[in-house]
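Take the sequence shown: its letter number 343 is residue 343 in the working numbering, and every next letter is one higher.
Cβ atoms here follow ideal geometry from the backbone N, Cα and C, with glycine treated the same way.
Have a look at the structure below, then the notes.
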Amino acid sequence: MRLHRLDVTAFGPFGGSQSVDFDALSTAGLFLLHGPTGAGKTSVLDAVCYALYGSVPGARQSGQGMTLRSDHAAAGTRTQVLLELTVAGRRLEITRQPPWERPKKRGSGTTLDKAQSWLREYDAQAGTWKDLSRSHQEIGEEITQLLGMSREQFCQVVLLPQGDFARFLRADAEARGKLLGRLFDTHRFAEVEKRLTERRRAAEAQVRDGDAALLADAHRMQQAADDAMRLPDLAPGEPGLAEAILGAAAVARSTAREQLTVAHCRLLAAESAQVAADRALADVREVARLQRRFAEARQRALVLEERADGYRQAQVRMERSRKAEAVAPALELREAAEAEHRRAAVAEARARGVLPETFVGAGAAGLATAARRAAEELGGLESARRAEKRLVALVDERDALDRQERADEGLLQEAEAWLAEWEGRRGALQSRIDAAQEAATRAEQLAVQREPAQQRLGAARMRDQLAGDTDAAAEQARLAQEQVLEAKAHWLDVKEQRLNGIAAELAARLEDGEPCAVCGAIDHPAPARKDAGHVDREAEERALAAYQQAEERHTQKERHLGVVREALAAATAEAGDAPTEQLAAHCGELESLYAQARRDASALHPAHEELRRAEAERERRTADRQQAAVRVASRVGHRERLDRERAVLEEELTQARGTADSVATRAAQLERQVALLTEAADTARAAEDTAQRLKDADARLADAAFRAGFDTPQAAAAALLDDTAHRELQRRLDAWQSEEAAVRAVLAEADTAAAAQQPTADTASAERTASTAAQRARDAASARDAAARRCTDLDRLSHRVAAAVRQLAPLRDEYDRVARLAALAAGTSADNERKMRLESYVLAARLEQVAAAATVRLQRMSSGRYTLVHSDDRAGRGRSGLGLHVVDAWTGRERDTATLSGGETFFASLALALGLADVVTDEAGGVRLDTLFIDEGFGSLDDQTLDEVLDVLDSLRERDRSVGIVSHVADLRRRIHAQLEVVKGRGGSVLRQRGA
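Listed below in structure tokens is the structure:
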């Protein structure tokens, strides 16, 4: 990796844009980066790191890059870092801009812009730069892949901090392990240790879970064996638990099978006894049943003897009912004839009651004759009724003709009067249309003049308003300019006072025994003191903030003044020089004329519509007049025909009505008389017929009763039963006969009679004996089932335990193997003699490589006196592997690196840093590092040692490598001609490059 160019803008202490030409500095091989304390030497290295990785080393990275911006930069200048370098044969250009709060383009305040990054590559064939990416993530991954180092490795290898390596020499094994772990990324080996520990814990948990499951099954087996099984006194995870459980299970299964055999024999004996008891119980119950049956039959026979008289009476009643059934048809016929005769007599009386007195004694024949004569007279009135209806229609038609004649006369008079006024009405409407048309034309002309006049009036009013606003804005801008100058002067004065008293601020942070940040001395005999008017950083920041706020207010006022002036010029150009009052009067006059013209023109459409309606009305009235004249002429002949027909009809109706008011009244009287006479004749004939039928029915009934054996018809009617009584009497007779037959059958049974001769059966004693035998059989069956279930449960659980033991065996072997590996990797195993962890072992190998690489340069710096060696001895009770000793060739003894003096510690740490850079470079894939930086520590060397160190550093120039030294030592400015000086000032630091 070789750096070519670095451009920074508003970064760190650099308020403006600064550039570093690393190609020019690299020609000399060694170059010096120097400047006063706080000028920004480290910021140059921070800019390189930020360009590559998007962040700066250590605690200087905070606030997501917001603190990288220079406090000296102008408000509108954005922070930017551009680095051009060659890595892996590719020439790249990286540009990064951190987020920043810029002033808003509109209004006051600030807005936050996001960070941006660009990556470009130089195409040598085309001679141009081509864009590769603008993604932060993609650029970071690309640079990390090309360099093969993380940010921490880069800061340790390319930006060599001597103070860190001096502490590394004096540190213990744990601190060295943390530093080497970050540089060589041995986290994966720690992950291996962690993974082995996790696997050991997981396997141990699985083994314990398996043993717990086995022990749970053993407890279930113990419960199934009724606590006859003895469990082993072992906990989950202890060896021998599975074998002990299997042995106890075998003993429990054998005992359970013996218990099952005994229970089965007991069940067979109990079942035989139960069968014998059940058979004896059945016999006793059968004898008891037959005895009860015989006793019940005897009791029923006695009841039948007591009810024999009632049975014989019912038989007699049933016999008389059968005889009366022969008379039943005659009885029904007589009753029907009597009911029909009563109805006919009632109807005859009702019909005769509405007849006139002249027909009271008439018979059926006389009534029929009278009805026939009235019907003949009614038929003769039919033609008279038609004539009467026609006369009514003629009168209505004659009245309608008179009404039509009067309506047509009125219509003709109205039409003549309206048509006489038509020409005058038409002329008036046409005049209204012409006037409205002229007003519409005038409104269109005024509308064209109206809008420009209004726009000019609005511009004039805006011109008058902006004239006053311009003067006020100019005055405000002038006052804001004066406030900016006053705030800037105050800030510069405060800053100068702080710089004058900066020594007191630095002295306040000094501590006894700690090196000074300026000179590096650990003794502080006379530190500076703060005076009464000391200005601290907060006061300077407040003054700077007040100046920035004043400048922002001035910018806003100037911007507002420009806007007002532009608006005034535009308004003046549009309004001209005419006064606003004159333009307002002209607009008012145009508005008045335009409104009047619009009102006059609005009558155009109503006038057109009214003319159209009037013409339509004229045509309608003309047509109505013609039609009315035609109708008047046609009605004259029609009226004469109606009058002649009316006279003929009136003469005919006078003869037909007689004494009645009308023909219809006379016809209604005749129709009612015919209906009443006809009904009376019919009812009289019906009464005569029903009386004869009743007489015939009485004769037939008397004959039927005599033949059936009854003295009178009334006796036959009394003996007759209805359906319900007949069914009930028959049911009683059938029940008595069935009961008598059943009793005789039971008393005739041989086994029933034999059982009745035996003693009374004792069923209670037999039932108690059978119940006892059944209970014993159930108890024996329950005992046998329990023993069978016990055997089944023990067999099932034993099979499951055996399967679980077989399944757990590989897991236990895996646990033993993983536990041995985890203990070995963690350094707790007895096989690990030096108690060295796996990560420490890897780091010890790296440290050994670093010590070997550092020894090559250390021997040259110390004139062959010192050699760095790695030691894996244990330090006290701690673990071994990361010890570092120095061998003194003058004494031949090996001692700890913490015993080196200040100067010896410097070149030993420098050699260690250079050796570490070589090892990390090889670890990163052999990426060549053509540019290195070495930070401080040269002030602790004497002249001879300094020459030797510079010779070693000068040897790094081999194969075109350049080394930058960051130092305050004045003697180095004389020895190294290529220099990059950082000069600080009131407006920020600047870079000066010379001697290249």
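Residue 304 has its alpha-carbon roughly 13 angstroms from the corresponding atom of residue 732. Note on geometry: alpha-carbon atoms of residue 677 and residue 686 lie some 15 angstroms from one another.
For residue 86, the secondary structure class from DSSP, reduced to helix, strand or coil, is strand. Considered as a whole, the stretch 579-606 harbours 580-601 as its complete alpha helix (DSSP H) runs of no fewer than 4 residues, in chain order.
Around the beta-carbon of residue 855, 16 or more other beta-carbon atoms lie within 10 Å, marking it buried.
For residue 483, the enclosing alpha helix (DSSP H) starts and ends at 422-500. Nearest neighbour of residue 85 by Cα position, chosen from 115, 76, 113, 119, turns out to be 119. Per the Cβ contact rule, the stretch 256-269 is in contact with the stretch 771-791 (3 or more Cβ pairs under 8 angstroms). Shown here, residue 712 sits in coil according to DSSP, grouped into three states, outside any helix or strand. For residue 979, the enclosing beta strand (DSSP E) starts and ends at 979-983. Residues 337 of the same chain have their beta carbon placed closer than 6 angstroms to that of residue 693, with the five preceding and five following residues left out of the count. Listed as beta-bridge partners of residue 117 by DSSP are 96. In this chain, the beta strand (DSSP E) harbouring residue 894 covers 893-896. Shown here, residue 110 sits in a strand according to DSSP, grouped into three states.
Residue burial annotation: residue 616 is exposed, with fewer than 16 other C-beta atoms found within 10 angstroms of its C-beta. In this structure residue 705 is not in contact with residue 316, their Cβ atoms being roughly 19 angstroms apart against a cut-off of 8 angstroms.
Beta-bridge partners of residue 2 (DSSP): 86. Cβ contact annotation for residue 467 (same chain, cutoff 7 angstroms, sequence separation greater than five): 568, in chain order. Taking 7 angstroms as the cut-off, the Cβ atoms of residue 256 and residue 794 count as close. The three-state secondary structure of residue 758, taken from DSSP, is coil. When only Cα atoms are considered, residue 414 and residue 455 end up about 60 angstroms apart. Within the same chain, and ignoring the five residues on either side of residue 483 in sequence, the residues whose Cβ sits closer than 6 angstroms to its Cβ are 550. Per the DSSP secondary-structure output, residue 17 pairs in a beta bridge with 9. Cα atoms of residue 371 and residue 349: separation of roughly 18 angstroms, rounded to the nearest angstrom. Between residue 882 and the set 840, 638, 39, 899, the nearest pair of CA atoms involves 840. The criterion of a C-beta distance shorter than 7 angstroms is satisfied by residue 558 and residue 477. Secondary structure of residue 901 (DSSP, three-state): coil. Excluding the 5 residues flanking it on each side, residue 357 has no same chain C-beta neighbour closer than 6 angstroms. Of the residues 14, 837, 899, the one whose Cα lies closest to the Cα of residue 189 is 837. Inclusion of residue 10 and residue 70 in the CB contact set at 7 angstroms is warranted, their separation being smaller than that value. DSSP places residue 329 in the helix class (H, G or I) of the three-state scheme. Per DSSP, reduced to three states, the secondary structure at residue 79 is coil, with no helix or strand assignment. Annotated as proximal: residue 231 and residue 222, with beta-carbon spacing under 7 angstroms.
Given a length threshold of 4 residues, the stretch 765-839 has no whole run of the alpha helix (DSSP H) inside it. Residue environment analysis places residue 104 among the exposed positions, since fewer than 16 neighbouring C-beta atoms fall within 10 angstroms of its C-beta. Short of 6 angstroms from the beta carbon of residue 77, and not among the five residues preceding or following it, lie these beta carbons of its own chain, in chain order: 10.
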